[in-house]
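Number of protein chains: 2
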Amino acid sequence: MAPRPRKPAARGRKGDVAADEAVYGAIRRVMHMGRLSPGTKLQEPVLARVLKVSRERVRKALHRLVHEGWLTAVPNRGTFVPALSVEEMRDIYDVRTMLEEAIVRRLSDRPGSQVMQRLKAHIAEERTANRRNDRGRLFALSGEFHILLAELCDNEELTKLLRGLLTRSTMHFSLAAPQRLHDCAGPHEHGDIVQAILDGKPERASKLMLAHLHGLVALQSTRPAAQTVSLDEAFRDVSPIRSRA
Amino acid sequence: MAPRPRKPAARGRKGDVAADEAVYGAIRRVMHMGRLSPGTKLQEPVLARVLKVSRERVRKALHRLVHEGWLTAVPNRGTFVPALSVEEMRDIYDVRTMLEEAIVRRLSDRPGSQVMQRLKAHIAEERTANRRNDRGRLFALSGEFHILLAELCDNEELTKLLRGLLTRSTMHFSLAAPQRLHDCAGPHEHGDIVQAILDGKPERASKLMLAHLHGLVALQSTRPAAQTVSLDEAFRDVSPIRSRA
DNA sequence: ACTTGACGTAATGTGCACATTATTTTACCA
DNA sequence: TGGTAAAATAATGTGCACATTACGTCAAGT
């Protein structure tokens, strides 16, 4: 009763179910780029102003990110980029090892023709990026390789889980990491794993994957000092929707 | 400007950070009890009235449950108890197999004294419940066994992941399931797995776990017709806080 | 008699205003 | 001048009102 005179009309525009995904993806993308150093406080008004959306939209996205483990929320304090402890890092890589060893074992048991084809195509892409010294592309491909292995198992749940683990484990890779990634691991180890799968050698593939992940966790330790930037700079050109990481 | 005359004061009571966990746990508990048949629509006003909380509180809990995969949300339609397809069920059990095979392998490699003690204590509890024909207790213990194995690996991430998988896979166990669980699997298979771990036989433990999970997924198929009850009845005596499942 | 259209009702989604709490600034005193 | 306390400021948390959308009902037309 007694309707207020204001409130003209047409507020939420149209079916903006994609707006949620947009802000969610934007924050996720910035984190994936490593622009946010651990401990950074993601304050809602700033994000709302930068992303040109309402505060509640930002709020919902932050809650989702917290639930998924990518951010940590302190009651009445705010939402922060988590500083993964060495124990958490070890835990994540241990679970990754369990899953990915099982994955390569399964793929080695019955390497179908489509599996072989996609694996060889991916390795070829990595080799190309390596030859051209395209660090960024190689970095992206290195992550997608592990996702590809999960996808080839034809298990949605597995793919989703591994996606989360991989994102959280490579989140804090600094911008200097691709250099070392190029020097040390590179597409060489990936190629060996694929070769073992194609040869139908589960135990060899499993061993190689274990060694590969051990090498990655060693790389993680050597990250330079985190450069603290303001939120406005971090979210400069991340407004559009694009594809999901 | 122009502050409305109403709005007396003292609205949000006190630090009610526990209220969120309360409604979250209440819904989760009802689902765990199997009172909600797949396809049931969880409407916010009803839950708010039954649980004696505001609609926004219910809303937040539902969003969290959706993000964690225990409910599915259809935009502008509502939140529903998911009817897991056979493919999703297969996927979940496949991932569980991967993780739990790795778990028992790891535990078999170096069974510490504390590990041995807790495992034997758990098996003793299961035997007691089985002897007393306490179906409910045995059902709960059967689930906790798998969680216990994960906890003994001393990996928080692993425990959290397996908790989610197990809850989702045993969520739709009907009330008649404990009967068959008692007849078929029972504490016998669990005891064999523990024995293999204590003997330090990783391959045998892994094989037993694989067979055990295969048996469980076979049990899942034989669930009776879902009894549809109203939300008011389902949430009858689930208001208090209690412990988390 | 069955289908199709419009209308009424109820539930979901969202912006907004306010209360509460933490943080920073400032003023005062030892 | 350094330290402490209090006020100001800003950010988070939440209830509420309203818009939008879907569902159920009924009536009219073919």
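So the protein sequences, as listed, match chains A and B.
As numbered in UniProt numbering, residues 1 to 245 make up the first sequence, in order.
As numbered in UniProt numbering, residues 1 to 245 make up the second sequence, in order.
For glycine and all other residues, C-beta sits at the position ideal for the given N, C-alpha and C.
Just so you know, these numbers come straight off a predicted model, no measurement behind them.
At a cut-off of 8 Å, the C-beta of A:Met98 has a neighbouring C-beta in chain B.
Within chain A, Val95, Leu161 have C-beta atoms less than 8 Å from the C-beta of B:Leu161, given in sequence order.
For B:His67, the closest Cβ of chain A is nearer than 8 Å.
Annotation for A:Ala73: the continuous beta strand (DSSP E) segment containing it runs 72 to 74. Annotated three-state conformation of B:Phe235 is coil, per DSSP. The alpha carbon of A:Ser37 has as its nearest neighbour, out of A:Phe80, A:Gln43, A:Val46, A:Arg106, the alpha carbon of A:Phe80.
Among the CB atoms of chain B, one or more fall inside 8 Å of the CB of A:Ile92. The CB of A:Asn130 never comes closer than 7 Å to any CB in chain B; the least such distance is about 30 Å.
Taking a cut-off of 8 Å on C-beta distances, the segment 54 to 62 of chain A touches the segment 37 to 46 of chain A, as three or more cross pairs fall below it. Each residue's CA atom was taken as its position, placing A:Val95 and A:Glu101 some 10 Å apart. Within chain A, Lys60, His63, Arg64, His67 have C-beta atoms less than 9 Å from the C-beta of B:His63, given in sequence order. A:Thr79: member of the beta strand (DSSP E) spanning 78 to 80, first to last residue. Of all C-beta pairs linking the segment 21 to 32 of chain A to the segment 57 to 71 of chain A, three or more are shorter than 8 Å, placing the two stretches in contact. With fewer than 16 other Cβ atoms inside 10 Å of its own Cβ, B:Val229 counts as exposed. For B:Lys52, there is no enclosing alpha helix (DSSP H), since its DSSP letter is neither H nor E. Cβ contact annotation for B:Ala150 (same chain, cutoff 7 Å, sequence separation greater than five): Ile103, Leu158, Thr159, Leu162, in chain order.
Secondary structure at B:Leu210: helix, using DSSP grouped into helix, strand and coil. When rounded, the separation of the alpha-carbon atoms in A:Ala205 and A:Asp134 is 27 Å. The three-state reading of DSSP puts A:Lys41 in strand, counting E and B together. Contact between B:Phe235 and B:Val23 is absent: CB atoms are separated by about 10 Å, not below the 8 Å threshold. Spatial neighbours of A:Ala196 in its own chain (CB-CB distance under 7 Å, excluding positions within 5 residues in sequence) are listed in chain order as Ser108, Arg204, Ala205, Leu208.
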